[in-house]
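In our numbering, the protein residues as written are 147 to 379. Below is one structure, written out as structure tokens; the observations come after it.
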């Protein structure tokens, strides 16, 4: 059982303050009856909750697509630096969300936040072969030999073994990198090992999820029903 205003606010459609007004206006029905108060306790798995005659679309789990900006940590909390959770409103911060994987502090792009632990495991496990695609700008000139080295798999100077990866050259200093794993600073370390240090890095996709071009750095939205259906189950 949860508060009605909390249930509705976690869908991202209305804030708790807005729910209070909607209840007063009689626009929210719980099992066909106008809601008595925004703080009334409801079991969303059992009760039907309608807003202006439409189901609110409540889900047990929350799935957020964030365009992570550079300079923000991919962490739940940090006492000294801003984290991706700090970019969300208070209602969502209380949902127990965590980033699926991580992006380096100075890397931007697609980051999925969820409280669905099973999905997180599937998206991060190498055996599920979830591709992650990055756009990279580098110093130096990319060559076919770099693509061949990525495709063969690389063992870096510090002993790190990297699975075969994709490197698609867009211009002499730009490329798309496709990984099936996400080791620490992996894209940067692989390109640096080829003598092409990264100057800018942005994640464009993770599995079936594509970064929404409408989202500016720091902006987020809930996943669409179509995107949810595309995720591994």
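Ideal Cβ placement from N, Cα and C applies to all residues, glycine included.
Inset, instruction - From the DSSP output, read off the bridge partner residues of residue 366. - result: 212
Inset, instruction - Taking 8 Å as the threshold, find out whether the segment 329-338 comes into contact with the segment 239-246 through three or more Cβ pairs. - result: no
Legend entry - Inter-residue CB distance, residue 324 and residue 279 (contact presumed, cutoff 8 Å): 5 Å
Inset, instruction - Would you mind stating whether residue 256 and residue 356 have Cβ atoms separated by less than 9 Å? - result: yes
Inset, instruction - Report the three-state DSSP secondary structure of residue 342 (helix, strand or coil). - result: coil
Inset, instruction - Starting from residue 155, trace the alpha helix (DSSP H) both ways and give me its first and last residue. - result: 150-155
Inset, instruction - Compare the beta carbon distance of residue 127 and residue 235 with 9 Å and say whether it is the shorter of the two. - result: Since the displayed the chain opens at 147 and closes at 379, residue 127 lies outside it and no answer follows.
Inset, instruction - Scan the segment 255-324 and note each continuous alpha helix (DSSP H) run of 4 residues or more that stays entirely inside, going in chain order. - result: 263-270, 290-298
Legend entry - Alpha-carbon to alpha-carbon, residue 322 and residue 296: 12 Å
Legend entry - Contact the segment 208-219 vs the segment 364-373: 3+ CB pairs below 8 Å: yes
Inset, instruction - Please check the pair residue 238 and residue 156, which I expect to be a contact at CB under 8 Å, by giving their CB distance rounded to whole angstroms. - result: 7 Å
Legend entry - Helix, strand or coil at residue 176 according to DSSP, with G and I counted as helix: strand
Legend entry - Meets three-Cβ-pair contact criterion under 8 Å: the segment 164-174 and the segment 189-202: yes
Legend entry - Boundaries (first-last residue) of the beta strand (DSSP E) holding residue 197: 195-197
Inset, instruction - Tell whether a beta-carbon distance below 9 Å holds between residue 250 and residue 220. - result: yes
Inset, instruction - Please classify residue 114: does DSSP put it in a helix, a strand, or coil? - result: Residue 114 lies beyond the stretch modelled for the chain, which goes from 147 to 379, so this question has no answer here.
Inset, instruction - Rounded to whole angstroms, what's the CA-CA distance from residue 268 to residue 373? Just pull it up for me. - result: 16 Å
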